[in-house]
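For the sequence shown, numbering that gives the first Met the number 0 assigns the number 0 to the initial residue and increments by one for each residue that follows. Note that CB positions come from ideal geometry on N, CA and C, so glycine has one too. Heads up: the structure comes next, in structure tokens.
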Amino acid sequence: MLFHMPARLYFGSGEINNLKLIIDEYLKVKNPVLVTDKGIVESGLLTNILKLFPGIKIFDEIEPNPKSDTINKIAKEMRKLNPDLIIGFGGGSPLDAGKALALLGTNHGSIEDYEGKEKYKNDPLPFLAIPTTCGTGSEVTWVSVITDVNRKFKMSIKGPKMYPAVSIVDPDLIKTLPPKIIASTGLDALTHAVEAYLSKPATLITDNHAVKAVKLILGAIEGAYDDIENHHTERENLMYGSTIAGFAFGNSDVTAVHCISESIGALYDIPHGVANSIFLPHVLSYNLPECFIKMATLARHIGIDEKDDMSAAKAFIQKIKALSNRLGIPLFKDLKIGKDQFEIISKMSFENNSTPSNPRQLEQEDYHNILENAYES
Ligand SMILES: [Fe+2]
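This is the structure in structure tokens:
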């Protein structure tokens with residue numbers, strides 16, 4: 000049983016204040032660049048960093064579901080600066096973009112050239128990840144997900160050298176996160192944990208992280224959604240849950256929920272966390288015959304007290320549906336994706352590399368049925 004997480008992880012309120020010390024004395028680099036998005040720049044979260052690193056080059060054009068065109072354009076400009084560290088600051092998109100740019104800092108060509116596992120020739124630049132949402136897990140995984148705009152396809156670019164060198168997970172950075180983003184990113188983290196636990200490659204170690212993550216996230220997400228500023232413990236538990244959910248799925252896999260959400264994210268630019276929240280209960284219902292016993296175990300860990308396993312597993316699915324509703328997650332119908340699109344979505348989902356990790360075998364037709372069920376509910 001292999002468990003891998005080589006990033007040096009700083010976790011806790013105020014850890015961001017160690018940034019300069021980490022860069023100067025641990026990483027010992029002189030020319031970092033920062034990758035983020037315009038929302039972060041406007042939020043004022045960078046104020047202290049800019050004081051510590053006056054004149055640092057900021058690439059702030061990262062969009063949700065980061066696009067290959069954007070990455071390639073930034074890479075051209077970035078290479079001229081000869082950076083020795085990439086800092087990714089933000090949600091999943093700036094972190095994934097930062098990993099991709101770290102790779103392109105030492106390797107020629109475009110990001111499309113590196114789709115797949117360990118396609119880089121040279122070790123990427125060191126990457127420092129600072130998440131500002133409670134969902135991505137990217138700060139502790141080796142994968143960067145970038146949308147190939149020509150193929151309308153989410154590529155996975157990964158390898159053992161793509162882990163962040165350092166991650167700073169500071170729960171105070173989500174203190175002003177809007178409720179809508181807490182809901183979608185928190186439910187993305189919950190999806191990571193649940194899928195990791197039920198996936199075929201799950202191990203004892205990933206199971207332990209996944210169960211703990213599910214408990215932490217479910218115990219914290221409503222309080223954080225209602226009033227994150229005044230819920231210190233909930234902030235901390237959400238960030239901790241999100242990070243260890245990353246440990247879990249990074250060492251096992253995700254399943255059919257992410258296969259669908261990556262497809263509709265690439266095709267229609269639907270936010271990743273929203274898509275996961277919509278499809279999680281429907282994929283769990285499909286998976287019931289194969290894994291209701293394990294799902295029941297998870298249900299009992301969060302206090303669901305049904306005697307037989309099938310009832311406990313169904314109660315767990317109902318709890319997730321009710322939670323999505325409480326947190327204002329839209330219905331599939333609300334996304335305005337026509338039924339005529341189900342064929343292409345189910346084809347792309349079936350072809351996703353994580354389909355074989357789903358606990359119950361899936362054909363393209365099964366994905367189609369899951370989409371139909373989600374649409375009608
Ligand atoms: Fe995700």
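ask   = What are the start and end residues of the beta strand (DSSP E) that includes Asp-252?
value = Taken as a continuous stretch (DSSP letters only), Asp-252 belongs to no beta strand (DSSP E), as it is neither H nor E.
Who are the Cβ neighbours of Phe-58 in its own chain at under 6 Å, not counting the five residues just before and after it? Val-34 and Ile-73
**Q.** DSSP state of Pro-31 mapped onto helix, strand, coil
**A.** Here Pro-31 sits in strand by DSSP.
Would you say Leu-84 and Val-28 are within 8 Å of each other, going by their C-beta atoms? yes
Which of helix, strand or coil DSSP assigns to Tyr-113 | helix
(request) Quick one: residues in its chain with C-beta nearer than 6 Å to the C-beta of His-191, no 5 flanking neighbours on either side, listed in chain order? (result) Gly-136, Ala-244 and Phe-248
Next on the checklist: What does the Cβ neighbour count give for Leu-279, buried or exposed, with the cut at 16 atoms within 10 Å?
Outcome noted: Buried: at least 16 other Cβ atoms inside 10 Å.
Check your understanding: Nearest CA to the CA of Ile-48: which residue from Ile-173, Gly-264, Ile-15 and Tyr-366?
Key -> Ile-15
task: From the DSSP output, in three-state form, read off Ala-164 for me.
output: If DSSP states are grouped into helix, strand and coil, Ala-164 belongs with coil.
query = Tell me which same chain residues have a C-beta within less than 7 Å of the C-beta of Gly-13, skipping the five on either side of it?
reply = Asp-169 and Asp-171
Practice item. Starting from Phe-10, follow the beta strand (DSSP E) in both directions and report where the run begins and ends. Key: 7 to 10
Start-end ranges of the alpha helix (DSSP H) lying completely within the segment 80 to 167, minimum 4 residues: 91 to 103
Which of the three DSSP states, helix, strand or coil, is assigned to Phe-58?
strand
inquiry  = For Asp-147 and Ser-67, which I take to be in contact (beta-carbon distance under 8 Å), what is that distance rounded to the nearest angstrom?
reply    = 5 Å
Would you grab the beta carbon distance between Val-139 and Phe-246 for me? Rounded to a whole angstrom, and I think it's under 8 Å.
6 Å
Pairwise C-alpha distance: Ala-164 and Asn-357: Pairing Asn-357 with Ala-164, the inter-Cα distance amounts to about 30 Å.
Item to complete: Compute every distance between the C-beta of Asn-372 and the non-hydrogen atoms of ligand 1, then say whether any falls below 7 Å.
Response: no
- prompt: Quick one, are the C-beta atoms of Gly-87 and Leu-94 less than 8 Å apart?
  reply: yes
| query | For ligand 1, any of its heavy atoms closer than 7 Å to the Cβ of Asp-187? | reply | yes
Sub-8 Å separation of Leu-215 and Ile-301 beta-carbons: no
#### Entry: His-208: CB within 7 Å of a non-hydrogen atom of ligand 1
no
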